[in-house]
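Protein chains in written order, with the working numbering: chain A, 16 to 268; chain B, 231 to 443.
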Amino acid sequence: MKKRLIFTLLYEKGSFVLSRNFRTQKIGDVRWLGSHYNFEKVARFIDELILINISADSSFDEHFRETLSEVVSGVFVPVAAGGGVRTIDDATSLFKFGADKILVNRAIFQDPVLVSTLSRRFGQQAVVGSVDVRRTGSDFQVYTDKGTQVQPADRLGELVSQGHLGELYLNSIDRDGTGQGMDPGIAEIVDNSFQVPLILAGGAGKPEHLLNAITLPYVNAVATANLLNFVGDGLRKTRESIVNAGVELAQWD
Amino acid sequence: MSSSFSPVTIVDYGMGNIRSVEAAIKHLGYESRVSGDSMVISQSEILVLPGVGSFPAAMRAIKAKEIDTGIRDAVTSGKSKIMGICLGMQLLTESSSEDGGSPGLSILGGAVERFSPHVAATLPVPHIGFNSVIAPEGSVLFDGLAPETDFYFVHSFRMATGQSNALLATATYGEKFVAGFESGNVFGTQFHPEKSQSSGLRLLANFLRSELT
Numbered sequence: 016m017k018k019r020l021i022f023t024l025l026y027e028k029g030s031f032v033l034s035r036n037f038r039t040q041k042i043g044d045v046r047w048l049g050s051h052y053n054f055e056k057v058a059r060f061i062d063e064l065i066l067i068n069i070s071a072d073s074s075f076d077e078h079f080r081e082t083l084s085e086v087v088s089g090v091f092v093p094v095a096a097g098g099g100v101r102t103i104d105d106a107t108s109l110f111k112f113g114a115d116k117i118l119v120n121r122a123i124f125q126d127p128v129l130v131s132t133l134s135r136r137f138g139q140q141a142v143v144g145s146v147d148v149r150r151t152g153s154d155f156q157v158y159t160d161k162g163t164q165v166q167p168a169d170r171l172g173e174l175v176s177q178g179h180l181g182e183l184y185l186n187s188i189d190r191d192g193t194g195q196g197m198d199p200g201i202a203e204i205v206d207n208s209f210q211v212p213l214i215l216a217g218g219a220g221k222p223e224h225l226l227n228a229i230t231l232p233y234v235n236a237v238a239t240a241n242l243l244n245f246v247g248d249g250l251r252k253t254r255e256s257i258v259n260a261g262v263e264l265a266q267w268d
Numbered sequence: 231m232s233s234s235f236s237p238v239t240i241v242d243y244g245m246g247n248i249r250s251v252e253a254a255i256k257h258l259g260y261e262s263r264v265s266g267d268s269m270v271i272s273q274s275e276i277l278v279l280p281g282v283g284s285f286p287a288a289m290r291a292i293k294a295k296e297i298d299t300g301i302r303d304a305v306t307s308g309k310s311k312i313m314g315i316c317l318g319m320q321l322l323t324e325s326s327s328e329d330g331g332s333p334g335l336s337i338l339g340g341a342v343e344r345f346s347p348h349v350a351a352t353l354p355v356p357h358i359g360f361n362s363v364i365a366p367e368g369s370v371l372f373d374g375l376a377p378e379t380d381f382y383f384v385h386s387f388r389m390a391t392g393q394s395n396a397l398l399a400t401a402t403y404g405e406k407f408v409a410g411f412e413s414g415n416v417f418g419t420q421f422h423p424e425k426s427q428s429s430g431l432r433l434l435a436n437f438l439r440s441e442l443t
């Protein structure tokens with residue numbers, strides 16, 4: 016299976032944001048992303064795109080879906096979307112507005128039946144389990160709600176072993192937005208036994224960080240949400256360095 | 231440039247990833263309309279049949295709206311061309327064994343079945359992600375693309391090779407299977423060109439501008 020380079024767009028209350036240890040800074044809406052970052056061109060160097068709505072306020076759901084739809088119309092790669100998926104209808108709407116997969120987060124712990132229902136209805140491959148992981152020494156814990164609620168990591172492994180999650184997206188809370196490098200150790204949080212592809216996120220500040228993580232055998236994909244460091248030709252250079260290191264990525268012109 | 235082309239009709243039977251296909255067609259400078267109306271479909275020169283989901287459910291939805299008649303009228307008259315994507319490609323064949331089985335639209339020969347048991351024993355099914363596709367010589371769809379090009383797949387069922395006279399593109403996932411076919415005015419891809427970066431856009435453009443034979 017080819018490995019993947021993924022970009023994550025974080026959306027909060029009407030705007031895309033940068034996050035650093037979960038403190039966010041507004042950067043602009045979808046038009047701003049186009050005009051300032053030429054995002055559609057940047058997106059030619061990624062295998063997949065993820066959009067996460069971190070608003071924690073359902074009144075922004077509709078605007079998030081419109082944003083998703085606008086982004087999708089100019090980016091010809093698979094797109095996963097999530098954040099605030101509480102019901103089947105929430106998920107159905109995201110698919111309708113252009114998502115190929117949805118991310119589930121708090122539902123893993125609070126409503127696993129929703130996760131299994133989504134997996135049966137849309138297919139396991141369309142449901143991505145997304146959690147934040149905090150390191151304390153050599154111990155790891157899963158958190159939701161912007162790093163404030165500890166959750167039982169076992170639930171994640173259970174849903175994987177039951178075949179309800181097609182992929183895992185693990186984000187390091189400690190490295191989030193720091194640009195200091197990724198923490199592959201967070202993969203220890205779940206007994207995955209290579210059953211589903213693992214996407215590692217959090218901490219990439221330069222191409223080497225993504226390269227170091229993607230070369231690990233248990234990491235199938237790496238993601239960055241770092242717009243400042245990876246737009247321009249950052250993703251192109253990253254892709255080149257990964258391919259030059261002998262890691263198999265999909266290729267196109 | 232849009233106005234010089236007749237619009238593309240994206241066939242809507244309620245199970246498609248229509249938004250992405252629509253965006254890709256628009257990006258290529260063509261106008262499109264989404265329709266589940268058998269009359270509109272039967273009179274369209276360019277048809278795209280997308281789809282994600284269960285084959286029998288799709289056929290039920292298609293028959294309920296008499297879309298099958300519309301597609302056959304358009305395509306068998308030779309006035310129209312059609313491209314099926316993913317489940318849409320599978321629907322153009324004679325049958326699938328998915329979910330208890332169902333006949334297809336039978337525009338082309340061939341049957342769709344789950345990946346062989348020996349594949350599922352060693353590799354995850356569904357087959358998901360970018361995989362290399364070997365283009366057949368003389369292909370209209372793959373014109374201008376490398377003989378081996380990466381495209382994005384998501385599927386658990388596939389058409390086996392060796393059961394159709396159509397020009398076949400192939401991919402390998404534990405076994406060789408049909409990644410795409412073309413025969414006259416009928417085209418299909420098991421992969422998603424609308425999710426396959428510039429290679430997918432090129433392939434879609436090749437279909438859209440192909441001459442009717």
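Glycine is no exception: its CB is placed at the ideal position from the N, C-alpha and C atoms.
To which residues of the same chain is residue i closer than 8 Å at the C-beta, ignoring the five residues directly before and after it?
i	result
residue 269/B	300
residue 333/B	289, 324 and 325
residue 171/A	123, 144, 146, 157, 180, 183, 204 and 205
residue 330/B	286
residue 387/B	285, 320, 326, 327, 328, 342, 343, 344 and 345
residue 137/A	106, 110 and 117
residue 92/A	58, 61, 62, 63 and 64
Could you round the C-beta distance between residue i and residue j to whole angstroms and report it? I think they count as a contact, below 8 Å.
i	j	result
residue 317/B	residue 335/B	That belief does not hold up - the Cβ atoms of residue 317/B and residue 335/B are roughly 12 Å apart, past 8 Å.
residue 409/B	residue 421/B	6 Å
residue 360/B	residue 219/A	Actually they do not touch by this definition, with Cβ atoms about 21 Å apart.
residue 328/B	residue 381/B	Between residue 381/B and residue 328/B the Cβ distance is about 21 Å, and since that is not below 8 Å, they are no contact.
residue 250/B	residue 119/A	Not quite, the Cβ-Cβ distance comes to about 21 Å (not below 8 Å), so this is no contact.
residue 37/A	residue 188/A	7 Å
residue 391/B	residue 400/B	6 Å
residue 266/B	residue 315/B	Contact doesn't hold; Cβ gap of about 16 Å is too wide.
residue 55/A	residue 95/A	That belief does not hold up - the Cβ atoms of residue 55/A and residue 95/A are roughly 18 Å apart, past 8 Å.
What residues in its chain sit with their C-beta under 7 Å from that of residue i, if we drop five residues either side in the sequence?
i	result
residue 260/A	226 and 230
residue 258/B	431, 434, 435 and 438
residue 370/B	412, 436 and 440
residue 233/B	Low confidence applies to residue 233/B: its pLDDT is 41, below 50, so where it sits in the model is not reliable enough to give any reading.
residue 254/A	20, 60 and 264
residue 231/B	Its pLDDT being 41, under 50, residue 231/B is placed unreliably by the model, and the measurement read from it follows with that caveat. Around residue 231/B: 259.
residue 291/B	243, 244 and 245
residue 72/A	28
Could you tell me whether the Cβ atoms of residue i and residue j are closer together than 9 Å?
i	j	result
residue 42/A	residue 250/A	no
residue 253/B	residue 113/A	yes
residue 366/B	residue 397/B	yes
residue 115/A	residue 82/A	no
residue 267/A	residue 426/B	yes
residue 129/A	residue 100/A	yes
residue 349/B	residue 403/B	yes
residue 65/A	residue 238/A	yes
residue 282/B	residue 238/B	no
residue 246/A	residue 90/A	no
residue 311/B	residue 247/B	no
residue 234/A	residue 17/A	no
Excluding the 5 residues preceding and the 5 following residue i in the sequence, name in chain order all residues of the same chain whose CB lies nearer than 6 Å to its CB.
i	result
residue 35/A	192
residue 272/B	300, 303 and 304
residue 134/A	142 and 179
residue 105/A	none
residue 121/A	159
residue 139/A	178 and 181
residue 98/A	67, 68 and 69
For residue i, which beta-bridge partners are listed by DSSP?
i	result
residue 344/B	387/B
residue 373/B	Paired residue(s): none; residue 373/B is not in a bridge.
residue 417/B	313/B and 412/B
residue 184/A	145/A and 214/A
residue 279/B	314/B
residue 39/A	34/A
residue 222/A	None, per the DSSP bridge assignment.
residue 61/A	DSSP lists no partner for residue 61/A.
residue 265/B	241/B
Query raised in the report: What residues in the stretch 71-92 of chain A have a beta carbon less than 9 Å from any beta carbon of chain B?
Result: Listed by position, the residues of the stretch 71-92 of chain A near chain B (Cβ gap below 9 Å) are 84, 87, 88, 89, 90, 91 and 92.
Query - Interfacial residues, the stretch 360-383 of chain B to chain A, with Cβ spacing under 7 Å - result: Per Cβ criterion, the list reads 360, 380 and 382.
Query - Residues within the stretch 266-297 of chain B neighbouring chain A, beta-carbon criterion of under 7 Å - result: none
Report task. Output, in sequence order along the chain, the residues in the stretch 237-268 of chain A whose CB is closer than 9 Å to any CB in chain B. Result -> Contact annotation: in the stretch 237-268 of chain A, residues whose CB is within less than 9 Å of a CB in chain B are 264, 265, 266, 267 and 268.
Query raised in the report: What residues from the stretch 348-359 of chain B come within 7 Å of chain A, judged by C-beta to C-beta, listed N to C?
Result: Correct list: 356, 358 and 359.
Query raised in the report: Taking Cβ-Cβ distances below 8 Å as the criterion, which residues of the stretch 239-251 of chain B are in contact with chain A?
Result: 247, 249 and 250
Query raised in the report: According to a CB-to-CB cut-off of less than 8 Å, which residues of the stretch 166-177 of chain A neighbour chain B?
Result: none
**Report entry** Residues within the stretch 198-222 of chain A neighbouring chain B, beta-carbon criterion of under 9 Å
**Finding:** 210, 211 and 212
**Report entry** Short-range partners of chain A found in the stretch 405-425 of chain B, where Cβ spacing is below 9 Å
**Finding:** Residues 422, 423, 424 and 425.
Query - Interface residues of the stretch 32-64 of chain A facing chain B [CB-CB below 8 Å] - result: Flagged, chain order: 59 and 62.
Query raised in the report: Name the residues in the stretch 90-114 of chain A whose C-beta lies less than 9 Å from a C-beta of chain B; which are they?
Result: 90, 91, 92, 93, 94, 110, 111, 112 and 113
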